[in-house]
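Below is one structure, written out as structure tokens; the observations come after it.
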Amino acid sequence: MGETDNSTMTDGSGVARGSGVSLWKQIAEAITAEIAEGRLAPGARLPTEAELAERFGVNRHTLRRALGVLTEQGVIEATPGRGTFVKEVPLHYAIGARTRFSEIVSSEGRAPGGRFLSSQREPAPRDIAERLKIPHGTELLRIEIVREADGVPVVCGTHWYVADRCKDLEFLVAATGSITRALEALGLGDYRRLETRVTARLADETERTLLALPAGRVVMVVESVNGDARRLPIQYTRSRFAADRVQLIVKS
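All residue numbers for the sequence shown refer to this note's numbering, where the first residue is 5 and numbers rise by one.
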């Protein structure tokens, strides 16, 4: 239950006590109005719970109910370790023959970024070998990376490459934070999308951590095969996009 009012009074907090309208609802409406009026821009970080509770003159329980409703409505988003933010318009991510994360993010007026996580060598399992059209057991280079837009994680990706065609690729990705620039350095910058498959599921614990997602959120899993100028597969990728932060657009 929220706080109850014993007298009608409007103070500097912007809420009217005793008005018959629950305080949590008034707080939610006040924050929504600030967003609509542009005083809180998309991507803006909200003050802390303590600061908001003091501003509105309410307890934490009442404030959290207001924030919870706004979260359910998709107005704001709380990300573990970062705070609560005004939801941005989903990133329009076009999937076509030439799909480049940095170019897509930049075209949306946002700053692209990347974090290299790890790399390792491993034999190709049958499913990936089939996608890359190589013998089962061929040595692959596996790279894990997170990509961001304006500092907000959008996608975590696992990339597999035929190791003998992409020597030192892991070091180039670690240095640049970019798959595209790393492949360009190896003369493979003109890679093209050969195949794309899209599914959706609940994010697992690792994905929630990497993408700063609360429990219960969905990821879109995009499996893709990219090839060189001769359409020879060089990369198989399994990307997990935060579903509410991106809109996938398939171009023909």
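Built from N, CA and C at the ideal position, the CB exists for glycine as well.
If we call anything under 8 angstroms between Cβ atoms a contact, is Phe120 one with Val177?
-> Cβ atoms of Phe120 and Val177: closer than 8 angstroms.
Does the beta-carbon of Arg63 have 16 or more other beta-carbons within 10 angstroms, so that it is buried, or is it exposed?
-> Reading off the sequence shown, one finds Asn at residue 63, where the question assumed Arg. Label assigned to Asn63: exposed.
Cβ distance (whole Å) where Leu71 is taken to contact Arg249 below 8 angstroms = Contact flag wrong, Cβ pair sits at about 19 angstroms.
Euclidean distance between Cα positions of Pro4 and Ala186 | The chain is shown only over 5 to 256; residue 4 falls outside these bounds and no answer can be derived.
Whether Gly85 touches Gly181 by CB criterion (8 angstroms) | No, Cβ-Cβ distance for Gly85 and Gly181 is not below 8 angstroms.
Where does the unbroken alpha helix (DSSP H) through Ile31 begin, and where does it stop?
-> Note, Ile31: alpha helix (DSSP H), 27 to 40.
Cβ neighbour criterion (16 or more within 10 Å) applied to Leu254 | This sequence places Val at residue 254; Leu is not what is there. The residue is exposed, with fewer than 16 neighbouring Cβ atoms inside 10 Å.
Grouping DSSP H, G and I as helix and E and B as strand, with all else coil, what is Arg185?
-> It is helical.
Closest Cβ-Cβ distance between Arg205 and chain D: below 8 angstroms?
-> Absent here is chain D; the protein component of the structure consists of one chain.
Identify whether Gly72 lies in helix, strand or coil by the three-state DSSP scheme.
-> Helix.
When the Cα of Leu67 is compared with those of Val93, Glu143, Ile147, Glu33, which residue comes out closest?
-> When only C-alpha atoms are compared, the closest one is Glu33.
How about Thr213 and Gly161: do their beta carbons lie closer than 8 angstroms?
-> The answer is no: Cβ separation not under 8 angstroms.
Whose CA, out of Gly61, Ile80, Glu58, Leu206, lies closest to the CA of Ala37?
-> Ranking Gly61, Ile80, Glu58, Leu206 by CA distance to the CA of Ala37 puts Ile80 first.
Would you mind reading off the limits of the alpha helix (DSSP H) that contains Ser228?
-> Premise fails: Ser228 lies in the beta strand (DSSP E), 222 to 231, not in any alpha helix (DSSP H).
So which of Leu50, Ile147, Gly22 has the shortest CA-CA distance to Asp172?
-> Considering only alpha carbons, the answer is Ile147.
By DSSP, does Ser122 sit in helix, in strand, or in coil?
-> Three-state result, Ser122: strand.
Closest Cα partner of Arg205 within the set Arg43, Arg196, Val223, Pro116 = Of the candidates Arg43, Arg196, Val223, Pro116, the residue whose Cα lies closest to the Cα of Arg205 is Val223.
Give the single residue among Gly220, Asp208, Glu199, Pro116 whose Cα lies nearest to the Cα of Leu236.
-> Measuring from the Cα of Leu236, the nearest candidate turns out to be Glu199.
Ala40: which of Ser23, Val90, Asp194 sits nearest, CA to CA?
-> The shortest Cα separation from Ala40 among Ser23, Val90, Asp194 belongs to Val90.
Contact belief for Arg197 with Ser228 at Cβ below 8 angstroms, rounded distance in angstroms = So it is a contact: roughly 6 angstroms between Cβ atoms.
Between the CA atoms of Thr88 and Gly22 - distance to the nearest angstrom = Distance between the alpha carbons of Gly22 and Thr88 is about 29 angstroms.
Would you mind working out which of Glu152, Asp131, Asp168 sits nearest Ile108, comparing C-alpha positions?
-> The residue with the shortest Cα to Cα distance from Ile108 is Glu152.
Which one of Asn230, Ala233, Arg221, Gly231 has the shortest CA to CA distance from Gly78?
-> Of Asn230, Ala233, Arg221, Gly231, the residue nearest in Cα terms is Arg221.
What span of residues does the beta strand (DSSP E) with Val254 cover, start to end?
-> Where Val254 is concerned, the enclosing beta strand (DSSP E) stretches over 250 to 254.
Over what stretch of residues does the alpha helix (DSSP H) that includes Ser106 continue unbroken?
-> Its alpha helix (DSSP H) spans residues 105 to 111.
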